[in-house]
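Q:
There are 2 protein chains.
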Amino acid sequence: MQKMNRTLLAGMATLLAMQATQVTSAAELPPKPSVGDILKRSQPGDWRPLDPDNTLYLELPSGRVVIEMAPSFAPNHVRNIKALAREHYFDGLAILRSQDNFVVQWGDQNEDNDKARQVKAAQKSLAAEFTVPLKNDSHFTRMPDRDGFAPQVGHSNGFPAARDPKAGQTWLTHCYGMVGVARGNESDSGGGTSLYVVTGHAPRQLDRNITVVGRVVSGMPLLSTLPRGPAPMGFYDKPELQVPVNAIKVAADIPEAERARIQVMRTDSPAYQAVLDAQRNRGGPWNKYSPAYLDLCNAQIPVREQKP
Amino acid sequence: MQKMNRTLLAGMATLLAMQATQVTSAAELPPKPSVGDILKRSQPGDWRPLDPDNTLYLELPSGRVVIEMAPSFAPNHVRNIKALAREHYFDGLAILRSQDNFVVQWGDQNEDNDKARQVKAAQKSLAAEFTVPLKNDSHFTRMPDRDGFAPQVGHSNGFPAARDPKAGQTWLTHCYGMVGVARGNESDSGGGTSLYVVTGHAPRQLDRNITVVGRVVSGMPLLSTLPRGPAPMGFYDKPELQVPVNAIKVAADIPEAERARIQVMRTDSPAYQAVLDAQRNRGGPWNKYSPAYLDLCNAQIPVREQKP
């Protein structure tokens, strides 16, 4: 390849003068379609709209964060979080914590004292849903890439997921943008009254230790750029540092015209397998080395605005 | 374990009443020392100061970002970046780009036009140092954890690193906070005039494609919270969005009293091996499941203020 390049360049004096450094570059990778190329070529059937009944809007003063929930992986928690949203549990609470390279978390700063926000029809805590039986999930598409944390990894209906066939379990993985249910030391001490979003390198050690309920599909920068809290674990130790949560709404509860028009690429489509391959086997000219490997949490899950 | 817990709890009525949910929790992991516990027990010899001659201060209006450089892995680039800093190449340039879950990058917005900042004694571009011979690095401590991107991973003198013994090569890995040399399509089109810092999930596909020169050891939040740029790849498309770089200084060039007093844990110390183990094999009571695995880019490299 190097030799071919030299030969090619020898006949192209002008280009050689402009790109003199190319002669010294290493072997070139052949060009390959990029993720952008594949998205451009994708068909309407490669995409699906969000289900408004399983979509949450976290309304912040800076804008809206759109969260897609995963009822296949946490049916009871998803139901409870929707109930909490519908009884306005979250409205007027705040983001309490932003820890660099880890998570942003919101909830009730008075949870443990007598000013605590009351839970009405919803439940304050639930039995853990750290994993669910394999049969709950019929959308899994396995990646060939080996993973340090789980026997199998891949995607299920727009979410990064892992499986242990021997144990008969599957679970959502803590990649960037995933949403989990904060809890105390006891497995069933959480119920969704306090939620967090991953804003750093995937803390996969939390997998199977926490109920994961969904993924942010739009608005991550509103969370990832929040000032880091000065107290341990990134807590905002003064109330004035906290960021108000105006409301959390279920998309189905608001007029259609006010909903986010977002589509997610179907992760069981051939187009998505091409997206994964474009990230696994990268082509030139920029790339000089391709790892022939894709880390689950680096696998983009494309999202786009739905055309009106 | 579950049964033992029940027996134990049966004799502790008061505690049972307070922690009623514990009865339903899964098998408990035995408690283990945390990273915090190990840091508290660490000895002065487990730490080393930064070498002022290989430390850069990126001075922003919001404060100082401290970068430790790795001359073993990129000797020519480190030398050149110091030369650029010493001829004040960076002073008054700007952060041009912040892409969510990826990188922050600074440099000269006029690099490609006739207002370009001139490089004086330093070099504008250099031959790539994507990898170096294994013999360059005598500090490597291998992690037992398997890695998708490289045959071996571990740490070298405070930096996450990978090795390919067959190829006789080692290189620094693109974990959170690592600093790399931006380049064009040609391998040797960079030289350090534009640098970037990883602010998202480790883009390890850049390993062996870019010269990595160091790591941010203090001040990451000053970079990670910057507003994301609205243009493609997170570029700030209007000059007023750019964040000024007041200066980049070599620590050795400023009076000792004005230097950051930072120590880094020696990654070849037994204390650091204990830090890794505490992250690999996590104990209860909070953790219910331990992956017995540590991702290279989740392995904290402890840093502390040096006591005066």
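These protein sequence lines map, in sequence, to chains A and B. Position 275 (the first sequence) corresponds to 275 in my numbering; numbering is contiguous. Position 45 (the second sequence) corresponds to 1045 in my numbering; numbering is contiguous. Every residue gets a Cβ at the ideal spot worked out from N, C-alpha and C, and that includes glycine. Just so you know, these numbers come straight off a predicted model, no measurement behind them.
If you measure between the beta carbons of Thr173 of chain A and Pro165 of chain A, is that distance less than 8 Å?
A: Taking 8 Å as the Cβ cut-off, Thr173 of chain A and Pro165 of chain A do not qualify as a contacting pair.
Q: When you compare the stretch 1043-1056 of chain B with the stretch 1235-1247 of chain B, are there three or more beta-carbon pairs, one atom per stretch, that lie closer than 8 Å?
A: Because the criterion of three Cβ pairs below 8 Å is not met, the stretch 1043-1056 of chain B and the stretch 1235-1247 of chain B do not touch.
Q: On the DSSP bridge list, what partners appear for Met265 of chain A?
A: DSSP lists A:Trp47 as partners of Met265 of chain A.
Q: Which class does Ala1278 of chain B belong to by DSSP, given the choice of helix, strand or coil?
A: The answer is helix: DSSP assigns Ala1278 of chain B an H, G or I state.
Q: Pull up the CB-CB distance for Thr170 of chain A and Thr1225 of chain B, whole angstroms please, since I reckon it's below 8 Å.
A: About 35 Å; that fails the 8 Å criterion.
Q: Do the CB positions of Tyr1381 of chain B and Ala1150 of chain B come within less than 8 Å of each other?
A: In the structure displayed, chain B extends from 1001 to 1308; residue 1381 of chain B sits before or after that span and is not available.
Q: For Tyr272 of chain A, which three-state DSSP category applies?
A: Three-state result, Tyr272 of chain A: helix.
Q: Going along chain B in order, which residues have a C-beta closer than 7 Å to the C-beta of Asp145 of chain A?
A: Here the neighbours are Gly1148.
Q: Closer than 8 Å by beta-carbon distance: list the chain A residues that pair up with Ala989 of chain B, in chain order.
A: Only positions 1001 to 1308 of chain B appear in this structure, which leaves residue 989 of chain B out of reach.
Q: Measure from the C-beta of Trp1106 of chain B to each C-beta in chain A and report whether the shortest distance is under 8 Å.
A: Chain A, which has no Cβ nearer than 8 Å to the Cβ of Trp1106 of chain B, makes this no.
Q: If you reduce the DSSP assignment to three classes, tell me which class Gln22 of chain A lands in.
A: Its pLDDT being 37, under 50, Gln22 of chain A is placed unreliably by the model, and nothing is read from it.
Q: Quick check: the Cα distance between Thr1193 of chain B and Phe1130 of chain B, rounded to an integer number of angstroms?
A: Between Thr1193 of chain B and Phe1130 of chain B, the C-alpha separation is close to 17 Å.
Q: Just the C-alpha distance for Leu1276 of chain B and Gln1300 of chain B, rounded to the nearest angstrom, thanks.
A: Rounded to the nearest angstrom, the two C-alpha atoms are 8 Å apart.
Q: So what's Ile1038 of chain B in DSSP terms, helix, strand or just coil?
A: Of the three classes helix, strand and coil, the one that applies to Ile1038 of chain B here is helix, per DSSP.
Q: What distance in whole Å lies between the Cβ atoms of Ser1098 of chain B and Pro1227 of chain B, which are believed to be in contact at a cut-off of 8 Å?
A: That pair is a contact at about 7 Å.
Q: How close, in whole Å, do the beta carbons of Val66 of chain A and Ser218 of chain A come, if the pair is a contact with beta carbons under 8 Å?
A: Indeed, because the Cβ distance is near 4 Å, the residues count as touching under 8 Å.
Q: On the DSSP letters alone, give me the boundaries of the alpha helix (DSSP H) that Pro1221 of chain B sits inside.
A: Run containing Pro1221 of chain B: 1220-1224, per the alpha helix (DSSP H) assignment.
Q: Is it the case that the stretch 119-133 of chain A contacts the stretch 265-282 of chain A, given that we only count it when at least three CB pairs across the two stretches are under 8 Å?
A: No, they do not touch.
Q: Per DSSP, Asp164 of chain A is paired with what?
A: Answer is A:Gln169.
Q: Is the separation between the beta-carbon of Ala182 of chain A and that of Gln109 of chain A shorter than 8 Å?
A: In this structure, Gln109 of chain A does not lie closer than 8 Å to Ala182 of chain A by Cβ.
Q: Apart from the five residues just before and just after Asp1188 of chain B, which ones in its own chain have a Cβ nearer than 7 Å to its Cβ?
A: Same-chain partners within the cutoff: Ser1125, Leu1126, Ala1127, Ala1128.
Q: Helix, strand or coil for His201 of chain A, going by three-state DSSP, please let me know.
A: Three-state DSSP puts His201 of chain A in coil, outside helix and strand.
Q: Tell me, please, which residues DSSP counts as bridged to Gln1152 of chain B.
A: According to DSSP, Gln1152 of chain B bridges with B:Arg1163.
Q: Among A:Ser156, A:Gln123, A:Lys115, which residue has its Cα nearest to the Cα of Lys135 of chain A?
A: The shortest C-alpha separation from Lys135 of chain A is found at A:Ser156.
Q: Take Gln152 of chain A and list the residues in its own chain whose beta-carbon comes closer than 6 Å to its own, dropping the five residues that flank it on each side.
A: So the qualifying residues of the chain are Arg142, Arg163.
Q: Could you give the distance in angstroms between the alpha-carbon of Asn1080 of chain B and the alpha-carbon of Arg1208 of chain B?
A: So the two alpha carbons sit approximately 20 Å from each other.
Q: Would you report the Cα separation of Thr1021 of chain B and Ser1290 of chain B, rounded to the nearest angstrom?
A: With a pLDDT of 35 at Thr1021 of chain B, under the threshold of 50, the modelled position of that residue is not reliable, and the figure given next carries that caveat. When rounded, the distance between both Cα atoms is 21 Å.
Q: Where Met233 of chain A and Asp1114 of chain B are concerned, what is the direct C-alpha to C-alpha distance, given to the nearest angstrom?
A: Their backbone Cα atoms lie some 47 Å apart in a straight line.
Q: List the whole-angstrom C-beta distance separating Ala1074 of chain B from Thr1199 of chain B, where the pair is believed to meet the contact cut-off of C-beta under 8 Å.
A: About 20 Å separates the two Cβ atoms, so there is no contact after all.
Q: Where does Leu206 of chain A sit, in a helix, a strand or coil, going by DSSP?
A: If DSSP states are grouped into helix, strand and coil, Leu206 of chain A belongs with the helices.
Q: Going by the CB atoms, is the gap between Leu96 of chain A and Arg117 of chain A shorter than 8 Å?
A: No, Cβ-Cβ distance for Arg117 of chain A and Leu96 of chain A is not below 8 Å.
Q: Does Glu1305 of chain B get closer than 8 Å to chain A when you measure Cβ to Cβ?
A: It does not; no Cβ of chain A falls within 8 Å.
Q: Using a Cβ-Cβ cut-off of less than 8 Å, give me the residues of the stretch 1222-1256 of chain B that come near chain A, in sequence order.
A: The stretch 1222-1256 of chain B vs chain A, Cβ under 8 Å: Ser1224, Thr1225, Leu1226, Pro1227, Arg1228.
Q: Go ahead and pull the three-state DSSP assignment for Val1243 of chain B.
A: It is a strand residue.
Q: What residue from B:Gly1107, B:Pro1230, B:Asn1246, B:Arg1086 has the CA that sits closest to Lys1120 of chain B's CA?
A: Measuring from the Cα of Lys1120 of chain B, the nearest candidate turns out to be B:Arg1086.
Q: Output yes or no for whether 8 Å exceeds the beta carbon distance between Glu68 of chain A and Val250 of chain A.
A: It is not a contact, given that the beta carbons lie outside the stated cut-off.
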